[in-house]
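Have a look at the structure below, then the notes.
There are 2 protein chains.
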Amino acid sequence: MSGIRKSPEYTRELILSTALRLFVERGYFATSVHDIRRAAGLSTGSIYHHFESKEALARALYDDLVKRMTAIVELSAESCQSAHDKGRAIAVALCRAAEESPELVHFILHARHREFLPEAPPICSTRPFELMKQVAAGGIASGELRQMDVLVASVALFGGVIRLLHLSLDGVLDKPLAGYLGDVWEAGWRGVSS
Amino acid sequence: MSGIRKSPEYTRELILSTALRLFVERGYFATSVHDIRRAAGLSTGSIYHHFESKEALARALYDDLVKRMTAIVELSAESCQSAHDKGRAIAVALCRAAEESPELVHFILHARHREFLPEAPPICSTRPFELMKQVAAGGIASGELRQMDVLVASVALFGGVIRLLHLSLDGVLDKPLAGYLGDVWEAGWRGVSS
DNA sequence: GTCTATAATTTGATAGAC
DNA sequence: GTCTATCAAATTATAGAC
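Read top to bottom, the protein sequences are chains A and B.
Be aware that the first sequence starts at 1, since it is given in this note's numbering, and climbs by one per residue.
Be aware that the second sequence starts at 1001, since it is given in this note's numbering, and climbs by one per residue.
Quick look at the structure:
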């Protein structure tokens, strides 16, 4: 067992991915450092060598996942021109992420970060959600969307899709996400388009 | 202090309301029974006299709040005829509840109940959310809404409003909820109406 | 029915060998 | 850099007086 030495980067990633899985399954507070240690097949000392504290581990995980989510949204928006296409690309990418990496999306959408990261900004103030608002703002400026408050447009345009993601993560959908996404997105667009 | 004896019902309600406030402020796991005891000005023994365990307290609170939320949504829907009016009445009532009893709405929308109440159904399967789906189903049956999957219609119709409530509870809105609600609801309706 | 005192575990974190 | 052993504090819950 301990003969198979892995690189420190590998160990660090193993700790992060194990913590993510357990945090999503049971929540941050219901997961002890001992649980992470056991699930990762490591020792307490090893975990505390890589992270100063349990909270520091959670913060590193949070930063990492916000970065991954930002990349997903950013790449989607950049690949298109119109607000309609940007928005739809984001919606499609979010759904794909929810199916391929449900833990990522779950942690971003569901976890109550401020309970264990007191100084973290609310998740809706982070870059991925700011980008969605920018798509709405661009649509209003270009005339694709009706003249309205940017926040209202953003909430109306993406609210249905985000709600759909919540339902998917709660396991209450009968079919795969893709079976609902097209119609939900179209309804959202129809609600704000001029 | 202990000369002022209150009724047992009062004590029970005091424990529940204190627990609700702390659970919303810090979360279930970050709130110890000792915290509740101190904030309520009671003793540990008194709390354990009224509730079998911390989890039983949380379950009683959960049941109580789902009941209150059900009443709010039920009364709103009953007071109107058309799907449009029912839906808008529900949206208005939810926003009023979010301003008058933010702790109630926060606990229902934000708390990760399944982390501490393992056998509780997902919140979106509870009666208040089922009623919203029924409003959408009624609208489709009557022809007010386009023909579509009931879940899609429900998500598209109420997704924006629920998203707006989340933002309000996260404290990222500049104005009172009422300043956004009208337009968000209208966009949702426009997205699904025939 | 409420109190104080305390038991039994679990938790996050550290020390020091290898 | 990883391990084992252990600590100090906090947590849920109980016992028993009043």
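All residues carry an ideal CB built from backbone N, CA and C; glycine is no exception.
Please work out which residues of its chain come closer than 7 Å, Cβ to Cβ, to residue i, disregarding the five sequence neighbours upstream and downstream, and give them in chain order.
i	result
alanine 1058 of chain B	Tyr1028, Phe1116 and Leu1117
leucine 202 of chain A	The structure shown does not extend to residue 202 of chain A, since chain A is modelled only from 1 through 194, so no value can be given for it.
valine 1033 of chain B	Thr1044, Ile1047 and Lys1054
proline 102 of chain A	Leu169
valine 184 of chain A	Gly160, Val161 and Leu164
leucine 20 of chain A	Leu61, Glu103 and Phe107
glutamine 147 of chain A	Ile140
arginine 1088 of chain B	Trp1185
How many whole angstroms separate the CB atoms of residue i and residue j, which I take to be in contact at a CB cut-off of 8 Å?
i	j	result
lysine 175 of chain A	valine 150 of chain A	That pair is no contact at about 33 Å.
isoleucine 108 of chain A	leucine 167 of chain A	Contact flag wrong, Cβ pair sits at about 16 Å.
aspartate 170 of chain A	proline 1008 of chain B	With 8 Å as the limit, aspartate 170 of chain A and proline 1008 of chain B do not qualify as a contact, their Cβ atoms being about 37 Å apart.
valine 1135 of chain B	isoleucine 1090 of chain B	7 Å
leucine 181 of chain A	cysteine 80 of chain A	With a Cβ gap of about 16 Å, leucine 181 of chain A and cysteine 80 of chain A do not count as contacting.
leucine 177 of chain A	glutamate 99 of chain A	6 Å
alanine 1206 of chain B	glycine 191 of chain A	Residue 1206 of chain B lies beyond the range of chain B shown here (1001 to 1194); nothing can be said about it.
Spatial neighbours of residue i within its chain, please: C-beta separation below 8 Å, excluding the five flanking residues on both sides.
i	result
histidine 1084 of chain B	Gly1139, Glu1144, Trp1189 and Ser1193
alanine 93 of chain A	Ile72, Val73, Leu75 and Ser76
threonine 11 of chain A	Leu42, Ser46 and His50
phenylalanine 1023 of chain B	Thr1031, Ala1058, Leu1061, Phe1107 and Ala1111
alanine 1097 of chain B	Met1069, Ile1072, Leu1104 and Val1105
arginine 1114 of chain B	Ala1120 and Pro1122
serine 142 of chain A	Ser82 and Ala83
For residue i, which beta-bridge partners are listed by DSSP?
i	result
serine 1076 of chain B	Answer is none; serine 1076 of chain B lacks a bridge partner.
serine 1193 of chain B	B:Leu1145
Can you list, in chain order, the residues of its chain with a C-beta nearer than 6 Å to that of residue i? Leave out the 5 residues immediately preceding and following it.
i	result
threonine 18 of chain A	Ile36, Ala39 and Ala40
leucine 16 of chain A	Leu61
phenylalanine 158 of chain A	Met132
leucine 1173 of chain B	Leu1167
proline 128 of chain A	Met69, Thr70 and Val73
alanine 137 of chain A	Val150
leucine 1014 of chain B	Ala1040
glycine 3 of chain A	Residue placement at glycine 3 of chain A is poorly supported in this model, since its pLDDT is 43, which falls under 50; the coordinates still yield a value, given next. Within the same chain, glycine 3 of chain A has no close Cβ partners at all.
threonine 1126 of chain B	Val1066
field: Ordered list of alpha helix (DSSP H) runs contained in the region 126-187 of chain A, each at least 4 residues
entry: Fully contained in the region 126-187 of chain A are the following alpha helix (DSSP H) runs of length 4 or more, in chain order: 127-142 and 150-169.
message: What ranges does the alpha helix (DSSP H) occupy inside the region 9-87 of chain A, keeping only unbroken runs of at least 4 residues that lie completely in it?
response: 33-40, 44-50 and 54-78
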